[in-house]
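For the sequence shown, position 226 matches number 226 in UniProt numbering, and the numbering has no gaps at all. Just below is one structure, and these are the notes that go with it.
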Amino acid sequence: MIGMSLRRTLLASAVFSLSLSVHAAPPQPTPPPLPAPPAAEMPLPKVISRVDPIYPPQAICLGTGGTTKVLVNINAQGTVDSASVAYSSGNRALDRAAVTAIRQWTFESPGAMFSGYVDVNFEADGGPLDDCLQVATFGGLVGETPGYEPGSLEVLVHLLPSDAGTFQFVILDTTGATLETQTLAAEQVPGMVRFKGLKAGEHILSIRADGVELRHSTFTVLDNGSVMTPPPTPPAED
Numbered sequence: 001m002i003g004m005s006l007r008r009t010l011l012a013s014a015v016f017s018l019s020l021s022v023h024a025a026p027p028q029p030t031p032p033p034l035p036a037p038p039a040a041e042m043p044l045p046k047v048i049s050r051v052d053p054i055y056p057p058q059a060i061c062l063g064t065g066g067t068t069k070v071l072v073n074i075n076a077q078g079t080v081d082s083a084s085v086a087y088s089s090g091n092r093a094l095d096r097a098a099v100t101a102i103r104q105w106t107f108e109s110p111g112a113m114f115s116g117y118v119d120v121n122f123e124a125d126g127g128p129l130d131d132c133l134q135v136a137t138f139g140g141l142v143g144e145t146p147g148y149e150p151g152s153l154e155v156l157v158h159l160l161p162s163d164a165g166t167f168q169f170v171i172l173d174t175t176g177a178t179l180e181t182q183t184l185a186a187e188q189v190p191g192m193v194r195f196k197g198l199k200a201g202e203h204i205l206s207i208r209a210d211g212v213e214l215r216h217s218t219f220t221v222l223d224n225g226s227v228m229t230p231p232p233t234p235p236a237e238d
């Protein structure tokens, strides 16, 4: 059994680990069917070259993790004949990342066909991250923007691709009561939503993926109708 773990930094920290177990398979006729791993474990041939799975950035942003069990078939020359998902992590992007990486591995020649499992464990360290979502808000200034409508808020959203089906943009008052909700389908992102006729006072903008909040921020509608948002938070220095 071989295990490995490493830490990735992509908009924030994420880690994954691999554990491998490989089994001998009886000789197969030509062309051989894909062998199923037998019950008895055999020593794994030495890994000659290894490609680390890439933790999908959208999964990091949504705090998605899981373990993909990959069935890998190694030929007598030490290259991977095939790799497929034996047990899914529950997330298509994680499964694809695991299989794509394992297919590129090479081993010392085992002298015979080998078949075994590779468990790829993805863990998003710390859950959803604000830095994964970039939101630009624009509030008009009275008399300086043609056609300006008092109390309007435009939200331009840039999201990494994800398995989420819809994104919800919810305006709440300071008590948490919902004032207005707009929805964008995943294929409409990046895109823009616009809220009109907001009353003066402090509001909360909550951004959600399939109902799960990614982040929220506050903004204020002034008495003259213009919208004031907090300045962006500078990135943390290492």
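The C-beta atom is built at its ideal place from N, Cα and C for all residues, glycine as well.
(message) In the DSSP output, what is R50 paired with across the bridge?
(response) The residue labelled residue 50 in the question sits at position 50 within the sequence shown. Note: R50 sits in no beta bridge, so no partner.
(request) Would you list the residues sitting across from N73 in a DSSP beta bridge? (result) Position 73 of the sequence shown, counting from 1, holds the residue named residue 73. According to DSSP, which records beta bridges pairwise, N73 is partnered with S82 and S115.
(request) Have a look at G111, G90, F169 and Q168 and flag the residue whose alpha-carbon is nearest the alpha-carbon of K69. (result) Stepping through the sequence shown from its first residue, residue 69 is reached at position 69. The shortest C-alpha separation from K69 is found at G90.
(message) When you compare the CB positions of G66 and L94, do they come within less than 9 Å of one another, or not?
(response) As a working note, residue 66 is residue 66 in the sequence shown. As a working note, residue 94 is residue 94 in the sequence shown. Their beta carbons are under 9 Å apart, which means G66 touches L94 by this criterion.
(request) Mind checking which residues open and close the alpha helix (DSSP H) that includes R103? (result) If you number the sequence shown from 1, residue 103 lands on position 103. R103 -> no alpha helix (DSSP H), and no H or E assigned at all.
(message) With three or more C-beta pairs closer than 8 Å as the rule, is the stretch 52-59 touching the stretch 79-88?
(response) Too few Cβ pairs lie closer than 8 Å, so no.
(request) Please decide whether S217 counts as near chain B, where near means a Cβ-Cβ distance under 9 Å. (result) In the structure shown, chain B cannot be found, because there is only a single protein chain.
(message) Cutting at 6 Å between CB atoms, please list the residues of its own chain near A185, excluding the five before and the five after it.
(response) Working through the sequence shown from its first residue, we reach residue 185 at position 185. Excluding sequence neighbours, A185 sits near T166.
(request) State yes or no: is the C-beta of I171 within less than 9 Å of the C-beta of T181? (result) Within the sequence shown, the letter at position 171 stands for residue 171. Within the sequence shown, the letter at position 181 stands for residue 181. Between I171 and T181, the C-beta gap is smaller than 9 Å, which places the two residues in contact.
(request) Can you tell me which of the three DSSP states E187 falls into? (result) Position 187 of the sequence shown, counting from 1, holds the residue named residue 187. The answer is helix: DSSP assigns E187 an H, G or I state.
(request) Measure the CB-CB distance between A200 and L214 and report whether it falls below 9 Å. (result) Along the sequence shown, read from residue 1 onward, the residue named residue 200 stands at position 200. Along the sequence shown, read from residue 1 onward, the residue named residue 214 stands at position 214. Taking 9 Å as the Cβ cut-off, A200 and L214 do not qualify as a contacting pair.
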